Structure formats: C-alpha cells, structure tokens
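Step one of this worksheet: look at the structure below.
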Amino acid sequence: PPAAMAQRCERAETALVQAQQELVEARAKLDDAEARLTTLERSAAKQQQALRAAHDEARRAHAEKRSWLKSKSQLEQQVFESTRHAFLRREELYFSRATLLREQQRLRAQLEGTIRRSPA
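Heads up: the sequence shown begins at 1472 in the working numbering, then just goes up one per residue.
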C-alpha cells in the first residue's frame, strides 16, 4: 500500500500541476478575450461617435439646404418682381414716348398753321 499511496500522490501531483497549467492557460485566454473585448468596445464607441457626428453633419447640411432653398426662392421672387416692374416701366415709357410724339406732331402742326397765317 505505501507504493500505491506514493503512485496516487504522484498522479495527484501530476494532475495538480496539469490543472495549474490549464488554469494558467485559461487565464491567459480569458485575459486575451477581455483585451479583445475592450478593443471591440473602444472600436464600437468610436464608430458610434462617428455615426453621431455624421448624423449631426447630415442635420446641419439639411438645415443649410433649407436655408439655401429659401434664399433661392426669395431671389427668384425678386427677379420675377424686378422683371415685371421693368416690363411695366418699359410699357409706360413706350406710351409716354408715343404721347410725346403725338404732342410734338400737334405742336408742329399748330406751329406750321401759325406760320402760314402770319403775314410775312
């Protein structure tokens, strides 16, 4: 029995050493997995931050687009009003010129009539 006991002790020590080695390996794997998890969490946080920044940029660009569209609409309205006023002013000038030409012809005719009637 003492020889059997010695063999059992030896086997137990071998099993203990093997278990300790497996524990060290398992802890190393756990540390490695935790390091990878930390890396993935940091990466996810960076990606989430980038996504938030992209959403903010998209909102800003959308607001800027609305502002530009509003400005464009206002400018188009101003162009339309200016064009309409220029057209109306052109018509007004045309009719004023036509009226002045008729008045000039009337005065010329009146002057010619006065010149013919006057004794020379």
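Just so it is clear, CB atoms sit at the ideal spot from N, CA and C, and this is done for glycine as well. Because the structure is a prediction, the values reported are computed rather than measured.
- Query: Hey, how far is the Cα of L1540 from the Cα of Q1519?
  - Reply: Near 31 Å, if we compare the C-alpha coordinates of Q1519 and L1540.
- Query: Curious, which full-length alpha helix (DSSP H) runs of at least 4 residues does the stretch 1520 to 1551 contain?
  - Reply: Taking 4 residues as the minimum length, the stretch 1520 to 1551 contains no alpha helix (DSSP H) run wholly inside it.
- Item | Coil, strand or helix - P1472 by DSSP | Of the three classes helix, strand and coil, the one that applies to P1472 here is coil, per DSSP.
- Message: Given this structure, state the Cα-to-Cα distance separating E1505 from P1473, to the nearest angstrom.
- Response: Rounded to whole angstroms, E1505 and P1473 show a C-alpha spacing of 46 Å.
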